[in-house]
Every structure is written in C-alpha cells, then in structure tokens.
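These notes are about the structure you will find just below.
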C-alpha cells in the first residue's frame, strides 16, 4: 500500500479448514482469493488445517498447520485480524480468546447442508443438528464483523443476530443498516480473463466426446442437496432426438480427504448406468479438476448446469460453481429457488427451470441447442455482467474492515450458551468437551483434564 511500510500494515490471518493448492473446493477457493485481495492493503497470510495440496501461484504466504496446531496459535497471537470459516472456533475455541478482531465468513450456511445428510427421525440426528445450530450461534456471538454471500443470506443472518441480541441500539444509532456488523461479500470472479492452458480437456480427450458435440458441464461435486437425477433423465430424453448431447460431471470425489463421497454421487452413477447413458451421453470425471485448469474444461463447454431440490439449503445457498460459468461466458441453466437463479432470470444469463421438472429441462435445452444465435446472445449478456463481480470489488467490505477494524458492543447474556446447555443431551456435551480438549492438546491434555475431573468428583463424594 502506497506510503506504508510492511510493518505498518495490519496482520491478517485467513484460516480455512479446506485444502489449499492446485485442487480446491469452494471454501478453499474463497479463502485463497480473499487472502490474495487482502495483500493489497494488509499483511495477509492464508492458513490451512490440512496438508498443502501442492504448489500454487499466490501473492500471499500460505502455511499449513496440519501437524502443528501450536504454530496456528503463535501466528494468531501475532495477527491483528482473524478471518475464519466453518467449525474453526469449535475446534479451536482459544482463537476467540486471544483478544484479536474476528471476522466470521458465513457464506456457507453449513447447518442447512446437514439436513439431507442426517436421520431426522433419530435422537442422534436431531442432536447433531442442534449442535450445528449451536456452532453457528457461537460464531455469531464471537465475531466482531461478519460477511456472507448474498443479500438473502444477510436477511437470514440478521434475524439470527436479532435473536442473539446483537442488533444493539447503540449500533443502530450510528449504523441503521448494521452493515458494520454484517455485510455482503459475494463469491467473486478472477481479475484475469479465462485463457486455455493449451491442454485439451474434453473434446478428443475423453472417449465418446467429439469435436462437434454439445457439452453440458456440471462443475464441482455431486452433493446430497443437489438434483443431478432430473438432469440425467432430461438428457436421456433429448438423446433420443440428438446424438450429439453430452453431460459431463467434473467432480466426483471432494479434494478434502475428511469428506467422504456423498450418496448422491452413487445415485447419479446408478441412474446413468440404468438408462444406458454412461460413457456415451453422460460422463463422470473421476476426482476433481485442478483449480488452474478449470477454464480448459469450461471453455470447451456450451452450457453450465446446476440443479437442486426445493429445500431450506437452496433458499440460502450461493452456488459457487456458477461463478466459474459466468467467468468463462457460459449460459447458465439452473433450478429455481436460490438468489443466483433470480439473477439469471433477471439478466437473461440462461434459463431457470422448476424443481424436479424433466420436461422443463428438456424444453429449455432443446430450445437453446437449436438456436445458435440465442447461445451467442446469452454469452454476450454473461460477459457484460462479469465486471461487477470481480474479487477486487466483491471483497471491498472485508478489505475496509481489515485495514481499520472495529468492534461493537455485545449483550451481557448469550442466547447461544443458554440454548446449548438446555438443548444438547449430556452425551453430546461430553463429546463436544472431549473433542475440544483433544484439539487443544491431544491425548496428553485429555488424560490430564480427565484425571483432574475424576479427582474433583471423588473428593466431593468423600
């Protein structure tokens, strides 16, 4: 930053639970790109709790604390601002007690993703969801500043903050919008234009995909809250009249080794196999596309696809894969219900299809595939829209906070702590306590604290 020495800049630690390197999923990409932008005005370091996935070109330092949690705390003590995602405070609660300014990135409302993955009829399943809500409450209690991905998400979080007692009148006196408490930082687009690396990705590379085929690309993973089944059924119908349609799923196994392959991935494979589509009309890329090569795959495609169910996750989701479609100029075909689908419809960036409507997908795809002029016109609208959502613009609220951080008053009581004590069963509280101690000091600290606890109990009994 002009006029400032490096030692004068605020030290910012961007901490992610995701893998960082050539192969990254959405949360890792977001942390990586935010850290790149923060180097413009701060001394930024990106920290991952997983081993580095390999070399990646970066403007900021990237550090793995996978095998050295003490290093994480040393770096955090030296920082001015901590930017965190996900379960970070639950895993390392001491990060919230260092007296540092804390920014919580709430762009991924993970609690909603747990609903389709959890047995809601079981006490264990309900306890898991209660615990996740408690984690979200803890995040919002601890944060000095919060960011999310859309205005719709922000409305939801404002309601939650109201319940937590954090929409304080003294904040409203100077900031009636509460933007200094929570603001919107959408998932952005790179500053550079997408340029192919020179390595063919799909056409002439994948057996069954030719130079003249019409490629529908499904970027990212096949998560349980997505609906690839309706799209596969639609492709089966269109393939009866067009032999050149190809649907390609780019991700089947997430880059985070802590995440298993989801059941929807196998369901999609099974349906494609049953319909006789696999290898001729539907293709599954094994693994994950490297971040630096994603444009090679997308620039060869004709349409970007995203499909999901009518669920609470959809209502507040922000589909990061669609941002890559926009970056590469692809028309976007998506299911209704989320904030991005409203943008697609309003700006003419593609087509919006009703939930679980095979007929809707067939009609929309049939129409655009038969009209080269419409594909070109849609691409032009997509390209014109991109400038407003570059990372340099979307991260401005975060950059402003990290340059000159602030704090707001908090209530003297904590809804999240009271709610958690009453709602969680004893075994859930015990598991949480064990996991917290283990993350702080491993088996030795767990043994020491367990011994002290037993001593206190036995002393009291006598």
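In this note's numbering, the protein residues as written are 3 to 464.
All C-beta atoms, glycine included, are put in the ideal place defined by N, C-alpha and C.
Small disclaimer: the values here were computed from a predicted structure and weren't measured.
List the endpoints of the continuous beta strand (DSSP E) containing residue i.
| i | result |
| --- | --- |
| residue 392 | Neither: residue 392 is in no beta strand (DSSP E) and is coded neither H nor E. |
| residue 252 | Note, residue 252: premise wrong, no beta strand (DSSP E); not H, not E. |
| residue 306 | 305-308 |
| residue 85 | 83-87 |
| residue 166 | Residue 166 -> no beta strand (DSSP E), and no H or E assigned at all. |
| residue 216 | 216-220 |
Would you report the Cα separation of residue i and residue j, rounded to the nearest angstrom?
| i | j | result |
| --- | --- | --- |
| residue 275 | residue 358 | 20 Å |
| residue 228 | residue 330 | 22 Å |
| residue 119 | residue 249 | 26 Å |
| residue 125 | residue 436 | 20 Å |
| residue 425 | residue 123 | Any reading at residue 425 needs caution, since the residue's pLDDT is 46, under 50, leaving its predicted position unreliable; the model's value is listed next. For residue 425 and residue 123, the distance between alpha carbons rounds to 16 Å. |
| residue 446 | residue 85 | 29 Å |
| residue 254 | residue 172 | 49 Å |
| residue 259 | residue 291 | 15 Å |
| residue 129 | residue 39 | 39 Å |
| residue 339 | residue 377 | 23 Å |
| residue 294 | residue 252 | 14 Å |
| residue 548 | residue 54 | Because residue 548 is not part of the residues shown, which for the chain are 3 to 464, the question remains open. |
| residue 324 | residue 432 | 41 Å |
| residue 287 | residue 223 | 10 Å |
| residue 41 | residue 208 | 39 Å |
| residue 408 | residue 244 | 59 Å |
| residue 3 | residue 43 | Here residue 3 scores only 46 on pLDDT, less than 50, and its place in the model should not be relied on; the value that follows carries that caveat. Computed Cα separation, rounded: 5 Å. |
| residue 56 | residue 386 | 34 Å |
| residue 63 | residue 397 | 19 Å |
| residue 278 | residue 220 | 19 Å |
| residue 400 | residue 95 | 23 Å |
Closest by CA to residue i, which one among the options?
| i | options | result |
| --- | --- | --- |
| residue 82 | 331, 56, 104, 91 | 104 |
| residue 145 | 134, 256, 132, 159 | 159 |
| residue 344 | 246, 191, 154 | 154 |
| residue 46 | 205, 72, 28, 77 | 77 |
| residue 363 | 307, 393, 256 | 307 |
| residue 102 | 92, 184, 13 | 13 |
| residue 193 | 400, 10, 36, 371 | 36 |
| residue 184 | 89, 162, 147, 335 | 147 |
| residue 142 | 444, 88, 262, 52 | 88 |
| residue 32 | 355, 369, 444, 107 | 107 |
| residue 265 | 139, 406, 449, 231 | 231 |
| residue 354 | 233, 140, 63 | 233 |
| residue 138 | 127, 109, 121 | 109 |
| residue 373 | 333, 405, 398, 404 | 333 |
| residue 49 | 11, 176, 150, 68 | 68 |
| residue 389 | 195, 337, 204 | 195 |
| residue 203 | 90, 298, 289 | 298 |
| residue 289 | 267, 303, 151 | 267 |
| residue 16 | 75, 24, 25 | 75 |
Take residue i and list the residues in its own chain whose beta-carbon comes closer than 7 Å to its own, dropping the five residues that flank it on each side.
| i | result |
| --- | --- |
| residue 30 | 18, 20, 21, 22 |
| residue 296 | 326 |
| residue 450 | none |
Might you give, ordered along the chain, the residues of its own chain that have their beta carbon closer than 6 Å to the beta carbon of residue i, omitting 5 neighbours on each side?
| i | result |
| --- | --- |
| residue 419 | In this predicted model, residue 419 has a pLDDT of only 49, less than 50, meaning its place in the structure is not dependable; the value taken from the coordinates is given anyway. Cβ within range, chain order: n/a, list empty. |
| residue 111 | 318 |
| residue 316 | 310, 339, 340 |
| residue 342 | 321, 324 |
| residue 61 | 38, 41 |
| residue 2 | Because the chain in this structure spans residues 3 to 464, residue 2 falls outside the shown range and cannot be described. |
Taking only three categories from DSSP, how would you classify residue i?
| i | result |
| --- | --- |
| residue 211 | coil |
| residue 352 | strand |
| residue 194 | coil |
| residue 46 | strand |
| residue 65 | strand |
| residue 321 | coil |
| residue 360 | helix |
| residue 225 | coil |
| residue 232 | helix |
| residue 107 | strand |
| residue 58 | coil |
| residue 273 | helix |
| residue 13 | strand |
| residue 158 | helix |
| residue 26 | coil |
| residue 380 | helix |
Determine the extent of the alpha helix (DSSP H) in which residue i is found, giving its start and end residues.
| i | result |
| --- | --- |
| residue 201 | Element bounds for residue 201: n/a, residue is neither H nor E. |
| residue 136 | 125-144 |
| residue 296 | 296-301 |
| residue 264 | From DSSP, residue 264 is part of no alpha helix (DSSP H); its letter is neither H nor E. |
| residue 185 | That residue, residue 185, is in no alpha helix (DSSP H); its beta strand (DSSP E) goes 184-186. |
| residue 285 | That residue, residue 285, is in no alpha helix (DSSP H); its beta strand (DSSP E) goes 284-286. |
In chain order, what residues of the same chain lie with their CB nearer than 8 Å to the CB of residue i, ignoring the 5 residues before and after it?
| i | result |
| --- | --- |
| residue 313 | 114, 117, 118, 227 |
| residue 413 | 166, 167, 168, 170 |
| residue 99 | none |
| residue 247 | 215, 216, 218, 237, 240, 241, 283, 367, 371 |
| residue 391 | 188, 190, 191, 325, 328 |
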